[in-house]
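J.: Have a look at the structure that comes next, please.
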Amino acid sequence: HEVIPIGNPIANVHAHVINEDNKLMCIGVPGELCISGIAVTRGYLNRPELTAEKFIDNPFGDGKLYRTGDLAKWRGDGMVEYLGRMDEQVKIRGYRIELGEIESVLGKMSAITNVAVVAKPMAGSDLALCAYLVAEETLDFEAIKVALNQQLPEYMVPAY
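Anchor point for the sequence shown: position 125 equals 125 in UniProt numbering, and the numbering is continuous, going up by one each time.
Dropping the structure here:
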């Protein structure tokens, strides 16, 4: 399939592709996509730990540098190419979803002994959340869905 680049930053915003030592990567070398400039906020509301992790002092200029968690690389034509996520986060229907958060909720249910949640490719380019459950007794899937709907937003409840 054809690779489509993200593009390049708007005015007064900078994109950086860096390694784990916060050093800039060369053209064509994958790293974490980071953003700096006037569009970067000061952090997450009421989430100081996450803010400290994702919004670091900008080693390349003033202000903060936002660590997106996206794996990307610069292309020779000056465009940024998205390569995927660096963590277990996926994007489905415009929502960023942390698969581990769903696994955590499912794992706390008494009958479930092990769980894995994946984003499974469906028709076209759509993804669907799919939960694989291990239990020592028969599970009531409708009761599990009801419990998930009480604890998670609708878009985070696995379809399968």
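All C-beta atoms in this analysis are idealised placements derived from N, C-alpha and C, irrespective of residue type, glycine included. The model shown is predicted, which means the values in this text are computed figures rather than measured ones.
On the three-state DSSP scale, how would you describe E49?
T.: It is helical.
J.: Just to confirm the assignment, what range does the beta strand (DSSP E) spanning G31 have?
T.: G31 to G37 is the extent of the beta strand (DSSP E) around G31.
J.: Across the stretch 95-115 and the stretch 33-40, are there enough close Cβ pairs to call them in contact, namely three or more that are closer than 8 Å?
T.: No, the stretch 95-115 does not touch the stretch 33-40.
J.: Counting only runs that start and end within the stretch 73-131, where is the alpha helix (DSSP H) found for 4 or more residues in a row?
T.: Qualifying alpha helix (DSSP H) stretches, in chain order: 99-107.
J.: Pick from V90, R75 and L71: whose alpha carbon is nearest that of Y82?
T.: Of the candidates V90, R75 and L71, the one whose C-alpha sits nearest the C-alpha of Y82 is L71.
J.: What are the partner residues of D70, as DSSP defines its beta bridges?
T.: Answer is R85.
J.: Touching or not, the stretch 121-132 and the stretch 54-69, by the rule of three or more beta carbon pairs under 8 Å?
T.: Too few Cβ pairs lie closer than 8 Å, so no.
J.: For the beta strand (DSSP E) that contains A15, what are its first and last residues?
T.: Here the beta strand (DSSP E) through A15 covers V13 to I18.
J.: Would you report the Cα separation of Y160 and A11, rounded to the nearest angstrom?
T.: Computed Cα separation, rounded: 43 Å.
J.: Could you check the C-alpha separation between A116 and Q89 for me, to the nearest Å?
T.: A116 and Q89: Cα-Cα distance of roughly 13 Å.
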